[in-house]
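Visitor: Let me give you the structure first, and then I'll get to my questions.
2 protein chains.
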Amino acid sequence: MGVEWESLIDGVKKGDIRALAKMITRVENREPGWMEAMRRIYPYTGKAHVIGITGSPGAGKSTLTNKITSDLVDRGYKVGIVAVDPSSPFSGGALLGDRLRMRDVSLLDGVFVRSMATRGALGGLNQAARDVVKIMDAFGKDFVIIETVGVGQDEVEIVKTADIVLVICVPGQGDAIQAIKAGVMEIADIYVVNKADREGADQVVSDIRAMLDLSTEENAPRPPIMKTIASTGEGVPQLVAAVLDLLKKESQKRERQKLQVKEEILVILEQEVAKFLRQQFDKNGKLEKEVQEVVQGKRDPYSIVQEMITPLMKDLQISNAK
Amino acid sequence: MGVEWESLIDGVKKGDIRALAKMITRVENREPGWMEAMRRIYPYTGKAHVIGITGSPGAGKSTLTNKITSDLVDRGYKVGIVAVDPSSPFSGGALLGDRLRMRDVSLLDGVFVRSMATRGALGGLNQAARDVVKIMDAFGKDFVIIETVGVGQDEVEIVKTADIVLVICVPGQGDAIQAIKAGVMEIADIYVVNKADREGADQVVSDIRAMLDLSTEENAPRPPIMKTIASTGEGVPQLVAAVLDLLKKESQKRERQKLQVKEEILVILEQEVAKFLRQQFDKNGKLEKEVQEVVQGKRDPYSIVQEMITPLMKDLQISNAK
Chain X
1 MGVEWESLID GVKKGDIRAL AKMITRVENR EPGWMEAMRR IYPYTGKAHV
51 IGITGSPGAG KSTLTNKITS DLVDRGYKVG IVAVDPSSPF SGGALLGDRL
101 RMRDVSLLDG VFVRSMATRG ALGGLNQAAR DVVKIMDAFG KDFVIIETVG
151 VGQDEVEIVK TADIVLVICV PGQGDAIQAI KAGVMEIADI YVVNKADREG
201 ADQVVSDIRA MLDLSTEENA PRPPIMKTIA STGEGVPQLV AAVLDLLKKE
251 SQKRERQKLQ VKEEILVILE QEVAKFLRQQ FDKNGKLEKE VQEVVQGKRD
301 PYSIVQEMIT PLMKDLQISN AK
Chain L
323 MGVEWESLID GVKKGDIRAL AKMITRVENR EPGWMEAMRR IYPYTGKAHV
373 IGITGSPGAG KSTLTNKITS DLVDRGYKVG IVAVDPSSPF SGGALLGDRL
423 RMRDVSLLDG VFVRSMATRG ALGGLNQAAR DVVKIMDAFG KDFVIIETVG
473 VGQDEVEIVK TADIVLVICV PGQGDAIQAI KAGVMEIADI YVVNKADREG
523 ADQVVSDIRA MLDLSTEENA PRPPIMKTIA STGEGVPQLV AAVLDLLKKE
573 SQKRERQKLQ VKEEILVILE QEVAKFLRQQ FDKNGKLEKE VQEVVQGKRD
623 PYSIVQEMIT PLMKDLQISN AK
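Chains X and L, in that order, are what the protein sequence lines are.
Residues 1 to 322 (the working numbering) make up the first sequence, in order.
Residues 323 to 644 (the working numbering) make up the second sequence, in order.
Here is the structure:
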């Protein structure tokens, strides 16, 4: 491993913010040595609590993230924010005015904000978010907040890896529950009805309750439904208290972690194998003839893959059985 | 291949809408036989023109897509729409009211709308969108419009595969150009300043011009900048005429297609290999011991992958060299 990685790893362990930012970028880009570097910081992870925040666009997730962060900082905690929401001011997808408005929290002592673009090939967004969380964890953050918009499957997967998931609903979005993708409502540990001063807030609360009536057994414990007004901060201390409370009862955590670890190993393995295959084919120019044939209309991409894959799979099966 | 695939393929070729919808779903889900099915319809593809429409959230992409579609239908063309934008009314991510408002175009004769969720693992969104375009193409659509929001890398990749790309900007979004992710502005074949009746529209036009001044050589041809008011339809006939005009001059198309074919082969190959590896490991419960060790804090996921990957790569290299 290169000298630069060594100094980045040292820097992260010592709490050097520039090293933190650099290491995240390099791991995101899968620069040579990244896996070894992650292996090296892994023993320093496992302390941070991960809070996932999701909801429909316009639900006020960023403002709420801001307020929760301030509250946690006031309680003496160090907080990292991973913004995956493409419309989030944190991730730079939003209007300039919003971005300026949001700058305050990132200037707070002990707060580090990292935005992530939706990644390209290989479903890397999910794994990349996990890596960033781990690096922030090793850096010494007590909490890492992952903010995603609850509309894409990728975003659901990411937020699922959190220790605790807040799903944010707002009144005045037609059917507030419908506005959130199916599959998102179900993963909440706490429901938050934000902009609770708006007309229809109580309706949203009873909509959520009705949904829970349908989906949970009669005497099963139900996730709490809390009201906030993120813009004024109303309800935020109670919400943070509920989060902290829930984090103490982590009976399910180990099972959840087991699934995550397996998924993580498989995803990294897939990515590495895919990268390797791509390098192989790019190197030997093996595909040029086939591509030409497709462009000329003589063949199709699917039969080419079928032809390539049979010997590959035979080899993989042998290697696996060893 | 199963009897059901046969009848779906037949249905698609005959223009049966239910077969079209079903085949898309099955290919998206990668149901057994999907690759063979795509191979079978491939000879019927290549006729449709693909128009990519992208821009920041709130730029009016869906309204514009609607109006362009109506215009093309009026000219006698059959149109397919692939909505990838999570905030698009077409893809169901938006408010109920918007969705109702948009319903008109999907009821037009010869129009088929398909929304796509951001897919899970393996960067499948891009490839899945390409598959859907091909199926619509084989079905007999003259045009397929792909609508994506210009904020994520995935979305940029998708829209890049179109024959022609419209980037939509609007006044009143602070710095309208900044609001669109870097990398999106550069791929436009036509710039559209929508909501052109708003204050600041001319400023947006000159901002785009200034950007082009910086990024293109002095005498190089530049993409046109056109103004529209999608809500009233103003400027849309001129825009469609420009699109049709540009599609006639397709000198670069073959080179573009070559890159796309290669990418497509590699992505399908990666997906299939990843799926295969996952099945192998799920089957033999090989990972259980390793996962347990990680949960117990004895090992880390990265060193496990490193251990697994070395023999795999050796095999793949051999198989590749054959």
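Just so it is clear, CB atoms sit at the ideal spot from N, CA and C, and this is done for glycine as well.
Rounded to whole angstroms, what's the CA-CA distance from L:E594 to L:R348? Just pull it up for me.
Guide: 16 Å
Visitor: Under 6 Å Cβ to Cβ from X:R40, same chain only, skipping five residues before and after it: list those, please.
Guide: I9
Visitor: With DSSP collapsed to three states, give me the class of L:M635.
Guide: helix
Visitor: Can you list, in chain order, the residues of the stretch 349-365 of chain L whose Cβ is nearer than 7 Å to any Cβ on chain X?
Guide: M357, M360, R361 and Y364
Visitor: In the structure shown, what three-state DSSP assignment does L:Y624 receive?
Guide: In this structure, DSSP gives L:Y624 a helical state, which the three-state scheme calls helix.
Visitor: When you compare the CB of X:G120 with every CB in chain L, is at least one pair closer than 8 Å?
Guide: At X:G120 the pLDDT is 41, less than 50, meaning the model places this residue with poor confidence; the figure from the coordinates comes in the next sentence. At least one chain L Cβ lies under 8 Å of X:G120.
Visitor: Can you give me the C-alpha to C-alpha distance between L:G377 and X:N219, rounded to a whole angstrom?
Guide: Approximately 48 Å between the Cα atoms of the pair.
Visitor: Should X:F143 and X:G15 be called a contact, given that it needs their Cβ atoms to be closer than 8 Å?
Guide: no
Visitor: Determine the direct distance from the alpha carbon of X:P171 to that of L:R600, and round the result to whole angstroms.
Guide: 42 Å
Visitor: Leaving aside the five residues before and after L:V487 along the sequence, list all residues of the same chain whose C-beta is less than 6 Å from its C-beta, in chain order.
Guide: The residues are G374, V481, I509, A510 and D511.
Visitor: By Cβ distance, which residues of its chain are closer than 8 Å to L:A552, with the 5 residues on each side in sequence left out?
Guide: G382, T385, L386, N388, K389, N516, K517 and V558
Visitor: What residues from chain A crowd round L:Q601, counting only those whose CB sits closer than 8 Å?
Guide: Looking at the structure shown, chain A is missing, and the protein chains on hand are X and L.
Visitor: Does the beta carbon of L:D622 sit closer than 8 Å to a beta carbon anywhere in chain X?
Guide: yes
Visitor: Look up X:F143 in the DSSP assignment and give the residues it is bridged to.
Guide: X:H49 and X:V79
Visitor: Please confirm whether L:V435 has its beta-carbon closer than 8 Å to some beta-carbon of chain X.
Guide: No - not a single Cβ of chain X is within 8 Å of the one on L:V435.
Visitor: Whose CA, out of X:V79, X:R198 and X:E147, lies closest to the CA of X:K109?
Guide: Here residue 109 of chain X turns out to be Asp, not Lys, going by the sequence shown. The residue with the shortest Cα to Cα distance from X:D109 is X:V79.
Visitor: Any residues in the stretch 253-276 of chain X with a beta carbon nearer than 8 Å to a beta carbon of chain L? Which ones, in chain order?
Guide: R254, Q257, K258, V261, K262, E264, I265, L266, V267, I268, L269, E270, E272, V273, A274 and F276
Visitor: Go ahead and pull the three-state DSSP assignment for L:T391.
Guide: helix
Visitor: Taking 8 Å as the cut-off, decide whether the C-beta atoms of L:M548 and L:L568 are in contact.
Guide: no
Visitor: Please state if the CB of X:Y302 and the CB of L:M357 are separated by a distance shorter than 8 Å.
Guide: Between L:M357 and X:Y302, the C-beta spacing is below 8 Å.
Visitor: Cα-Cα, which of L:N448, L:E556, L:V334 and L:K584 is closest to L:K463?
Guide: L:V334
Visitor: Rounded to whole angstroms, how far is the Cβ of X:T69 from the Cβ of X:V111, which I believe are closer than 8 Å?
Guide: 6 Å
Visitor: I'd like the span of the beta strand (DSSP E) that includes L:V514, first residue to last.
Guide: I512 to V515
Visitor: For X:V204, which residues in the same chain have their Cβ closer than 6 Å to its Cβ, ignoring the five residues on either side in sequence?
Guide: C169, P171, A176 and V193
Visitor: Report the neighbours of X:M308 on chain L: residues whose CB is nearer than 7 Å to its CB, in chain order.
Guide: L591
Visitor: Just to make sure I have the definition right: I need the residues of chain X whose C-beta is within less than 7 Å of the C-beta of L:M635. Which are they?
Guide: F276
Visitor: If you draw a straight line from the alpha carbon of L:R436 to that of L:R520, how long is it in whole angstroms?
Guide: 31 Å
Visitor: Going by the DSSP bridge assignment, what does X:T54 pair with across the sheet?
Guide: X:V167
Visitor: X:I265 to X:K249, Cα distance in whole Å?
Guide: 27 Å
Visitor: L:T264 and L:R544: beta carbons closer than 8 Å?
Guide: Coverage of chain L is limited to positions 323 through 644, which leaves residue 264 of chain L absent and any answer about it impossible.
Visitor: Less than 8 Å between CB atoms is the rule here; does X:L287 satisfy it with respect to chain L?
Guide: yes
Visitor: Starting from L:I509, trace the alpha helix (DSSP H) in both directions and tell me its first and last residue.
Guide: Per DSSP, L:I509 belongs to no alpha helix (DSSP H) and is neither H nor E.
Visitor: Rounded to the nearest angstrom, what separates L:T291 and X:Y77 at their Cα positions?
Guide: Residue numbering for chain L in the displayed model covers 323 to 644; residue 291 of chain L lies beyond these limits and cannot be assessed.
Visitor: Within its chain, find whatever has a CB closer than 8 Å to the CB of L:V395; leave out the 5 residues flanking it on each side and keep chain order.
Guide: So the qualifying residues of the chain are V401, L430, D431, G432 and V433.
Visitor: Sort out for me which residues DSSP pairs X:K227 with in a bridge.
Guide: X:V193
Visitor: DSSP on X:E234, reduced to helix/strand/coil?
Guide: strand
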